[in-house]
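**Student:** Sharing a structure with you now.
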Amino acid sequence: MKKLNVGIFNDSFPPILDGVANATVNYARSIQKIYGRAVVATPWYPKVKDDYPFRVIRYSSTNVSKRLGYRMGNPFNPLLIKKLENESLDIIHIHSPFTSALLARVLRRYTGAPIVFTYHTKFDVDIEKRIAFNPLRKVSIKFLMSNINACDEVWVVSEGAGENLVQLGYEGEFQVMENGTDFEKGIGSEESLRAIRQQYGIKEDETVFLFVGRMMWYKNLRFTIDSLKAAKEQGADFKMLFVGDGVDRPSIQEYIASLGLENDCIFTGAIHDREHLRSYFSIANLFLFPSTYDTNGIVVREAAACGCPSLLIEGSCASEKIQHNITGVLIEENVESMSREIVLACEDHLRLKNIGQNAAEQIYLSWDDAVGKAFERYHHIIEQKSQVKLNA
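Our numbering applies: residue -8 is where the sequence shown begins, and numbers increase by one.
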């Protein structure tokens, strides 16, 4: 199959650490390694050095949200458009329907390169949280939908993400293209696991639960904490590791202390080293991810790569293709259901180990394989675009 020059555009990219930034990096890395040439376009951040095997083009940006740490780029720069035009992109893959979409639409006028958009995030939830004025929310969603509708093809990371997009008003077709993980199958070294146990005073046979992600209440962390409290009251003994950072971390820690769980919960902060992060997944007996916000949950596949099963809410996007007690643990969204599974987890580590092994064998998906499927679709989109031009 012919190699391609692929533009990967997204509003978030390292130093921002979120699931979509992770996907952007891994799409570019896999394309550059196997399938062609990747060019990332993303807003500029201060004191950032882009040391990647693919080209990264930064463009001017403004810090519009000190609270969230994100910057808004300016896509209407003639020098930027000319620079991207010179990259001879065959297709533009955008991962955000905001600045990146505007940039792609402007560039398409000059190059004719088709645009594919991946819907990763429940933007209606984000808009509701960040915009208090309801008429402005409606304008924001209208703007978002106009950018999505302007794309040549739309992808979603799960069926649930597709349903959410339709609820926003999208009426077109979409393709499900799942995210992968950059973790190869396998656990961290015994030395690294031992070091974590020593650092945090975790006993060899102690049950370890884990959460990895942004420390934000909308990740359903209050529900997780309340369930841990209920399990503790039933006699469960455990250590809960919270890996990540975020603006809600202080209030989350305060809430944990108010429930008397401060000696059972450990906050590590953000961990940037991927192999070090692997060790946290490897030491955990169960990954607690009862999020209804996330559309796919790359972290669930990261856990599976390390043989760690995930606890998920039945019917959530993250729980798609998960079978209860076979490749994961599914619960109802109430404290009784989750605390019951936490207690059972403390009582039977072998059951969790078997579920984790099944997850590694059945739900694991590498980024190279995920991008391989996307790359085949790129060719289909380009061919369709060419046919339209011929018939015009």
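Each residue gets a CB set at the ideal place from its N, CA and C atoms; glycine is no exception.
Remember, predicted model here, so these are calculated numbers, not experimental data.
What residue from E311, Q23, N349 has the CA that sits closest to Y43's CA?
**Tutor:** Nearest option by C-alpha distance: Q23.
**Student:** Do the CB positions of A309 and S282 come within less than 9 Å of each other?
**Tutor:** Result yes, Cβ atoms of A309 and S282 sit closer than 9 Å.
**Student:** Can you grab the Cα-Cα spacing for the pair F134 / A275, in whole Å?
**Tutor:** Cα-Cα distance, rounded: 42 Å.
**Student:** Tell me which residues share the same chain as P6 and place their Cβ nearer than 8 Å to its Cβ, disregarding the 5 neighbours each side in the sequence.
**Tutor:** Answer for P6: Y36, V39, listed in chain order.
**Student:** On the three-pair Cβ rule with 8 Å, is the region 174 to 190 touching the region 126 to 140?
**Tutor:** Segments in contact, no.
**Student:** From P88 to F108, what distance separates their C-alpha atoms?
**Tutor:** Approximately 8 Å between the Cα atoms of the pair.
**Student:** Expressed to the nearest angstrom, what Euclidean distance is found between the alpha-carbon atoms of L279 and L303?
**Tutor:** Distance between the alpha carbons of L279 and L303 is about 7 Å.
**Student:** What's the C-alpha gap between V11 and G204?
**Tutor:** Computed Cα separation, rounded: 12 Å.
**Student:** Out of T172, M168, D173, E144, state which residue places its alpha-carbon closest to the alpha-carbon of Y161.
**Tutor:** Measuring from the Cα of Y161, the nearest candidate turns out to be E144.
**Student:** List the DSSP bridge partners of H315.
**Tutor:** The partner list for H315 (beta bridge, DSSP) reads G319.
**Student:** So what does DSSP say about E144, is it helix, strand or coil?
**Tutor:** In this structure, E144 counts as strand in the three-state DSSP scheme.
**Student:** State buried or exposed for E374, treating a residue as buried only when at least 16 other CB atoms are found within 10 Å of its CB.
**Tutor:** So E374 counts as exposed.
**Student:** For D173, I'd like the list of residues in its chain whose CB is within less than 6 Å of its CB, leaving aside the five on either flank, ordered along the chain.
**Tutor:** Excluding sequence neighbours, D173 sits near N17, W358.
**Student:** Looking at the secondary structure, which residues open and close the alpha helix (DSSP H) in which F214 lies?
**Tutor:** Where F214 is concerned, the enclosing alpha helix (DSSP H) stretches over 212 to 224.
**Student:** Which class does Y36 belong to by DSSP, given the choice of helix, strand or coil?
**Tutor:** Coil, per DSSP.
**Student:** In the DSSP assignment, what are the bridge partners of I304?
**Tutor:** I304 is bridged to I322.
**Student:** Anyone know if the C-beta pair for A227 and T198 falls short of 9 Å?
**Tutor:** Yes, the pair counts as a contact, with Cβ atoms nearer than the cut-off.
**Student:** Near T102, what residues of its chain come up, given a Cβ to Cβ distance below 7 Å and the 5 sequence neighbours on each side ignored?
**Tutor:** The answer, listed in chain order, is E76, L80.
**Student:** For I372 versus P105, is the C-beta spacing smaller than 9 Å?
**Tutor:** Contact: yes.
**Student:** CB-CB under 8 Å to V147, same chain, minus the five flanking residues each way: which ones, in chain order?
**Tutor:** Same-chain partners within the cutoff: T109, Y110, G153, L156, F165, Q166, V167, M168, T286.
**Student:** Starting from the C-beta of S218, find all residues in its chain whose C-beta is less than 7 Å away, skip the five residues before and the five after it, and write them out in chain order.
**Tutor:** Contacts found: V326, M329, S330, I333.
**Student:** Restricting to Cα atoms, I'd like to know which of V362, Y209, D255 is closest to E224.
**Tutor:** Nearest option by C-alpha distance: D255.
**Student:** For a minimum of 4 consecutive residues, which ranges assigned as the alpha helix (DSSP H) are wholly contained in the region -5 to 42?
**Tutor:** Counting whole runs of 4 or more residues, the region -5 to 42 contains the alpha helix (DSSP H) stretches 10 to 21.
**Student:** Do you know offhand how far A32's Cα is from I48's?
**Tutor:** Each residue's alpha carbon lies about 5 Å from the other.
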